Amino acid sequence: MQNRYQFTTDMKKILVLSMLVSSVMICSCQRQESAAQQQLGQRKVELDAREEALAERKTVLDGREKALDERQSALDQREKALAQKEKAAVTNPTDVQGQTSGPAQMQPERDRITQQ
């Protein structure tokens, strides 16, 4: 009888011990999962921040590109205007001579520019 009682007690101990070990293993797995989820969340936040910074840099670069395009367009217009003036000067040299001032007219103009 005592043998039987001892066997039942041993079985209960083994059962409790196996349940305890199983519980500990489950808890440790859950802790690892929560740590992995936390790390994944942190990486996602970092990735979102990088994407946002990249989008801002792209916006700035797009603005610079637009400004450069505008400057290039203005430069092209100035070159065309200068080419037209040179072409007009070559075709009408008499107009250029009529526009030039004599030394007497240049002196008051120089004084005015100097005063400014």
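Take 5 as the starting number for the sequence shown in my numbering and just add one per residue. Beta carbons: idealized from backbone N, C-alpha and C, even for Gly. Predicted model only: the values in this text are computed from it and were never measured.
**Asked** Helix, strand or coil: which one does DSSP assign to Asn96?
**Response** coil
**Asked** Just how far apart, CA to CA, sit Lys17 and Arg35?
**Response** 27 Å
**Asked** Using the C-alpha atoms, what's the distance from Ala78 back to Ala71?
**Response** 11 Å
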